[in-house]
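Protein sequences, first through last, are from chains A and B.
The numbering used here applies: residue 1 is where the first sequence begins, and numbers increase by one.
The numbering used here applies: residue 1 is where the second sequence begins, and numbers increase by one.
C-beta: ideal position from N, C-alpha, C; glycine also.
Predicted, not measured: the structure shown is a model, and the values here were computed from it.
The block underneath contains the structure these notes are about, expressed in C-alpha cells.
Protein chains: 2
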Amino acid sequence: MTHPFDSAIYLDTIDTNTRRGRTHPEWANMVGPFGGITAAVLIRAVETHPDRIGDPLALTVNFAGPIADGDFDIALRAARTNRSNQHWILELSQDGEVKTIATALFGIRRDTWGDTEARPPTVPAPEQIAPSGDQGRVVVWARLYDMRFADGALPGEESQPSPSSTTTLWVRDNAKRTVDYPALAALCDIFYPRVFLRRGAVLPAGTVSLTTYFHADQQQLDSVGDDHVLATAHANRFSNGYFDQSAQVWSRDGVLLATTHQIVYFKG
Amino acid sequence: MTHPFDSAIYLDTIDTNTRRGRTHPEWANMVGPFGGITAAVLIRAVETHPDRIGDPLALTVNFAGPIADGDFDIALRAARTNRSNQHWILELSQDGEVKTIATALFGIRRDTWGDTEARPPTVPAPEQIAPSGDQGRVVVWARLYDMRFADGALPGEESQPSPSSTTTLWVRDNAKRTVDYPALAALCDIFYPRVFLRRGAVLPAGTVSLTTYFHADQQQLDSVGDDHVLATAHANRFSNGYFDQSAQVWSRDGVLLATTHQIVYFKG
Chain A
1 MTHPFDSAIY
11 LDTIDTNTRR
21 GRTHPEWANM
31 VGPFGGITAA
41 VLIRAVETHP
51 DRIGDPLALT
61 VNFAGPIADG
71 DFDIALRAAR
81 TNRSNQHWIL
91 ELSQDGEVKT
101 IATALFGIRR
111 DTWGDTEARP
121 PTVPAPEQIA
131 PSGDQGRVVV
141 WARLYDMRFA
151 DGALPGEESQ
161 PSPSSTTTLW
171 VRDNAKRTVD
181 YPALAALCDI
191 FYPRVFLRRG
201 AVLPAGTVSL
211 TTYFHADQQQ
221 LDSVGDDHVL
231 ATAHANRFSN
241 GYFDQSAQVW
251 SRDGVLLATT
261 HQIVYFKG
Chain B
1 MTHPFDSAIY
11 LDTIDTNTRR
21 GRTHPEWANM
31 VGPFGGITAA
41 VLIRAVETHP
51 DRIGDPLALT
61 VNFAGPIADG
71 DFDIALRAAR
81 TNRSNQHWIL
91 ELSQDGEVKT
101 IATALFGIRR
111 DTWGDTEARP
121 PTVPAPEQIA
131 PSGDQGRVVV
141 WARLYDMRFA
151 DGALPGEESQ
161 PSPSSTTTLW
171 VRDNAKRTVD
181 YPALAALCDI
191 FYPRVFLRRG
201 AVLPAGTVSL
211 TTYFHADQQQ
221 LDSVGDDHVL
231 ATAHANRFSN
241 GYFDQSAQVW
251 SRDGVLLATT
261 HQIVYFKG
C-alpha cells in the first residue's frame, strides 16, 4: 500500500519540463492543500528532472492562490546550472492559472569545516509527552502526523492570548515513512499560524511565502529514519496583516536538519 | 548630483516587462556587484511596473551567476495578482545568460493588530562608536556606508576564530540618502560573510539565495529618514560548503524594519 505522503508527491511526466500531480483529500488544509505537501511536491518535481544535479539546498515557495481539488501541472526549468549548483524556477498551475511559484537551489555537498551554532530547545523526550490530536480537528492533514507539544500547543476555546509565539513539538509521520528531502520540506511547514497563539484563537491566516534551507546531508537524513524530529518556531513581528515566522527542525541527536522562514497573512 | 544609490538603481524601460540597468564600479563586490544593490534594483524594477500594486512584503533573490561589468536586462512579470497582493517573477540576464532570478511579493498594507516580539540588541548609540572603514578595504561598495560595529567587526590579519558568528552594527548611507524600500533591501545584505568571524579570516564566500521580509510601512521608513539603522546577523549552521544567516534591521527607536535570511557558499 502506498503511503499517503508518497501518493501526494507522485508526479506524472508530461514532458521534460512538465509534471502533473493531483490533490488528495487527506492532505486538505483550511483552504487548498497543506503548504508543506506543496513544498514537498515541488522538491520532488526537481528530483525527477533528468538535468538535476545534487540535492536541495534552498527552496522558496510563494503560495500565490488557492490550489483547487484535482490535477495540477508543474512547469520547471533550470534557469542556470553551475559546476556545483543549479537554480530552478517552478510554476504550479491549474487550467492555465498560476497557483504557486517557486525557486529552488540544488547543489552538490562537499566536505568542509562545519559547526552548528544554534542550540536545540531543552524539552522532554517524545516518549514523555502525550500525542495531541488538536491540530487534526482544525486541518485534515495534521491527522497524518504524530505531534507532541513541549510548548505552545494549539489554543482551545478557553485559551487566552499568549505573550509568546513560540511552539516546540516533536513530530513524526504517523505511518513512519522515513524522512527524505521532500518529507523534510513538508515538516518545515508543520506549524499552525503563530498569530493563533498570540491572539489565543483560531483566525483566518495562511502562509504566503516559505523559504527553507536544507542543512542535512543524505547520511544525516538516513540517521533520522522514521524517528520524531524536534520542530520549533517563533514570530518576530506582526503588523499590517502579516507576520514572519522563523523555525528550526532538529534530529533527536541534535543535528540541525533545516532552518525555515515564512511570511504569513492574517486577519483580525 | 545623483546619489550613487540612485544611479545604481536607475532603470531604462525597454518594454512593459523589460528594464535595463548597468553595473557601477563604486558598487563592486569581490565578484560582480554588491548583492544588496542587485536586490534593490529588483525591487525598483517592480516599482516601475505599471501593473504593480502595493509595496514590497517579501523578496527572494537567487544569485545564480556573477554579473559582469556593464548592462543587464531584467525581465519581470506579475505571475498572479490577487485583491490585495501580487506575486512577481524576475530574471536578470546579460547577453541572454541568466545571472539572477527572484520572486517578489508586493501587497497593500492594512491596519490590524500588531506586536513586535523580537527585541533589538542592547548597544551604545552610533555617536558613541567610531566608524570603521575595514569592510571598505575588502569590498569597494562598503565605502558608501558609514558602519559602526558594536559587535563582530571584520576580522583583521591577527584575528583568531570567534566562537560567535554575531555581528551588530549601526549603518547609514554616507551621503545620507533616505531609506526607502530599495535602500532597505540593500541594507539587509550589508553583512560580510559570517564564516569570516568563525574562521577569523577573509575567505572565498558569496550569498547564493537571500530572502527579506519587509515589515516597515511607508510611515515607518519616513521616520528613519537618513538616520543610522541597527543591523544584527548570526549564522545557525555551517556545513558542506554552505551556511545560513538570519538578520534583523531596526530603526533607532526600536521599529523592526525587516527580517532577512540567506544561504551563503563558502570555501575552506
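Beta-ladder partner(s) of residue i, from DSSP
i, result
"A/D151", "A/T168"
"B/E91", "B/A75 and B/I101"
"B/H270", "This structure does not reach residue 270 of chain B, given that chain B is present from 1 up to 268, and the question cannot be answered."
"B/T13", "B/R19"
"A/G107", "A/D55 and A/N85"
"A/F191", "Paired residues: none, contrary to the question."
Whole-angstrom C-beta distance between residue j and residue i, which should lie under 8 Å
i, j, result
"A/I281", "A/T38", "Outside the modelled stretch of chain A, which goes from 1 to 268, sits residue 281 of chain A, for which no answer is possible."
"A/V61", "A/L42", "6 Å"
"B/T112", "A/G268", "7 Å"
"A/A114", "B/N240", "Rather than Ala, the amino acid found at residue 114 of chain A in this sequence is Gly. The pair is a contact, with the Cβ atoms about 7 Å apart (cut-off 8 Å)."
"B/G200", "B/Q248", "Actually they do not touch by this definition, with Cβ atoms about 25 Å apart."
"B/V264", "B/T178", "Not quite, the Cβ-Cβ distance comes to about 29 Å (not below 8 Å), so this is no contact."
"B/L57", "A/Y242", "6 Å"
Coarse secondary structure for residue i, derived from DSSP in three states
i, result
"A/L256", "strand"
"A/W113", "coil"
"A/Y181", "helix"
"A/G133", "coil"
"A/Q86", "strand"
"A/P163", "coil"
"A/S251", "coil"
"A/P33", "strand"
"A/F307", "Chain A is shown only over 1 to 268; residue 307 of chain A falls outside these bounds and no answer can be derived."
"A/V98", "strand"
"B/A8", "helix"
"A/R237", "strand"
"A/R20", "strand"
"A/L229", "Reading the sequence as shown, one finds Val at residue 229 of chain A and not Leu. DSSP places A/V229 in strand when its eight states are reduced to three."
"B/A269", "This structure cannot settle anything about residue 269 of chain B, because the visible part of chain B is limited to 1 through 268."
"B/A175", "coil"
"B/A28", "strand"
Of the listed residues the options, nearest to residue i (C-alpha basis)
i, options, result
"A/H87", "A/W141, A/A216, A/T2 and A/F106", "A/F106"
"A/D51", "A/A79, A/A64 and A/R199", "A/A79"
"A/Q128", "A/R137, A/G21 and A/A150", "A/A150"
"B/I9", "B/N17, B/R198 and B/A185", "B/A185"
"A/S251", "A/A102, A/A235, A/L221 and A/Q160", "A/L221"
"B/T168", "B/Q219, B/Q218, B/S246 and B/R22", "B/S246"
"B/P120", "B/V255, B/F266 and B/H261", "B/V255"
"A/E97", "A/D73, A/N85 and A/T81", "A/D73"
"B/W170", "B/P163, B/S209, B/T122 and B/R137", "B/T122"
"B/D12", "B/H261, B/A45, B/L144 and B/I53", "B/A45"
"B/Q219", "B/R110, B/T166 and B/R22", "B/R110"
"B/L257", "B/S209, B/E26 and B/P182", "B/P182"
"B/R148", "B/R172, B/N82 and B/G32", "B/R172"
"B/I89", "B/I101, B/G32, B/H261 and B/G36", "B/I101"
"B/F53", "B/T81, B/V229 and B/L59", "Strictly speaking, residue 53 of chain B in this sequence is Ile, with Phe absent from that position. The shortest C-alpha separation from B/I53 is found at B/T81."
"B/R194", "B/A175, B/G152 and B/L187", "B/G152"
"A/Q94", "A/N85, A/D71, A/L230 and A/A104", "A/D71"
"A/Y192", "A/A142, A/S223 and A/M1", "A/A142"
"B/T48", "B/N29, B/R20, B/S162 and B/F238", "B/R20"
"A/H234", "A/T212, A/E157 and A/S164", "A/S164"
"A/K176", "A/A104, A/D244 and A/V229", "A/V229"
"B/G156", "B/S7, B/F196 and B/L59", "B/F196"
"A/S7", "A/T23, A/D244 and A/T212", "A/T23"
"B/P131", "B/D146, B/A40 and B/S84", "B/D146"
"B/H215", "B/D180, B/L144 and B/P124", "B/D180"
Listed by chain order, chain E residues near residue i by CB distance under 9 Å
i, result
"A/A125", "Included in the structure are the protein chains A and B, with no chain E among them."
Beta strand (DSSP E) runs contained entirely in the stretch 37-83 of chain B, provided each spans 3 or more residues: 55-63 and 71-81
Beta strand (DSSP E) runs wholly inside the stretch 196-227 of chain A, at least 3 long, in chain order: 205-214
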